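Notes to accompany the following structure.
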Amino acid sequence: GERRHVAGLMRVNHTGEVCAQALYQGQAVTARLPRIRRQMEISAQEEEDHLHWCEQRLAELNSHPSVLNPIWYAMSFSIGAAAGAIGDRWSLGFVEETENQVCRHLQTHMARLPQQDERSRRILAQMHEDEARHAAKAHSAGAMNLPTPVKKLMTAVATVMTQTAYRL
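Shown next as structure tokens:
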């Protein structure tokens, strides 16, 4: 019941962090400007903390990360590398949009947690704060506002990811 539901939410958040880290790592490989590459590397390191927190919480709930994470990692790394190859402003636009979507997911998940699950709520709240900062950093570094069809595609992919990671 409740524990399985929380584990499903934390599994989704863990997979989201796998994707974000892969996106940053892919972008760092193809980023043109050294400061952008460095920003991507720093953000990837911060996502490492989030991965660890989610893994720890999943273990406490006697659960596990998604078995599909290697697929999501490979796909996100490729998207990041492609965005970086197109240009740094596109790359930053992907970061900003990804982090904005992650923030919305985290808010939804915090609302769906059982009232008494303060541990999960604290983890998600800290992640939300960090992700919002990543989005703001990308924006101030010159992120391009992505075209609506690209944002819609990103939302569709995120929906598939959240639905599969919750269960698998």
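At position 82 of the sequence shown the residue is numbered 90 (the working numbering), and the sequence of numbers has no breaks. Ideal placement from N, C-alpha and C gives every residue a C-beta, glycine not left out. Here the structure is a predicted model, which means the values were calculated and not measured.
message = Quick check on the burial criterion: 16 or more other C-beta atoms within 10 angstroms. Buried or exposed for L17?
response = One-based indexing of the sequence shown puts residue 17 at position 9. Classification for L17: buried.
query = Just how far apart, CA to CA, sit T156 and G101?
reply = Taking the sequence shown and counting its residues from 1, the one referred to as residue 156 is at position 148. Taking the sequence shown and counting its residues from 1, the one referred to as residue 101 is at position 93. Their Cα atoms are separated by approximately 12 Å.
query = Three-state secondary structure (DSSP) at M152?
reply = One-based indexing of the sequence shown puts residue 152 at position 144. In the structure shown, M152 sits in coil (DSSP, three-state: anything other than H, G, I, E or B).
task = Flag this pair as touching only if the segment 121–136 and the segment 88–104 have three or more C-beta atom pairs under 8 Å; answer yes or no.
result = no
inquiry  = Suppose contacts are defined by Cβ-Cβ distances below 7 Å. Is M48 in contact with A30 by that definition?
reply    = Residue 48 sits at position 40 when you count from the first residue of the sequence shown. Residue 30 sits at position 22 when you count from the first residue of the sequence shown. No, these two residues do not count as a Cβ contact at 7 Å.
key: Segment limits, alpha helix (DSSP H) that includes D57   = What you label residue 57 is simply residue 49 of the sequence shown in a count that begins at 1. Element bounds for D57: 42–68.
message = On the DSSP letters alone, give me the boundaries of the alpha helix (DSSP H) that D96 sits inside.
response = Sequence index remark: in the sequence shown, residue 96 carries index 88 (1-based). Element bounds for D96: 96–120.
query = Where V20 and W61 are concerned, what is the direct C-alpha to C-alpha distance, given to the nearest angstrom?
reply = In the sequence shown, the residue the question calls residue 20 occupies position 12. In the sequence shown, the residue the question calls residue 61 occupies position 53. Each residue's alpha carbon lies about 13 Å from the other.
query = Between E10 and P122, is the Cβ-Cβ spacing less than 7 Å?
reply = In the sequence shown, counting from the first residue as 1, residue 10 sits at position 2. In the sequence shown, counting from the first residue as 1, residue 122 sits at position 114. Yes, they are a contact pair.
message = Less than 6 Å between C-beta atoms, sequence neighbours within five positions excluded: which residues of the same chain meet that for S71?
response = Taking the first residue of the sequence shown as position 1, residue 71 is located at position 63. Excluding sequence neighbours, S71 sits near A15.
query = Can you check whether the CB of C27 is closer than 7 Å to the CB of S84?
reply = As a position in the sequence shown, residue 84 is number 76, starting the count at 1. As a position in the sequence shown, residue 27 is number 19, starting the count at 1. Yes.
ask   = Is H58 near M135, with beta carbons less than 7 Å apart?
value = As a first step, residue 58 is located in the sequence shown; it is residue number 50 there, counting from the start. As a first step, residue 135 is located in the sequence shown; it is residue number 127 there, counting from the start. In contact: H58 and M135 (Cβ atoms closer than 7 Å).
request  = Give the single residue among P42, T106, G92 whose Cα lies nearest to the Cα of A144.
outcome  = For this step, residue 144 is matched to residue 136 along the sequence shown. Considering only alpha carbons, the answer is T106.
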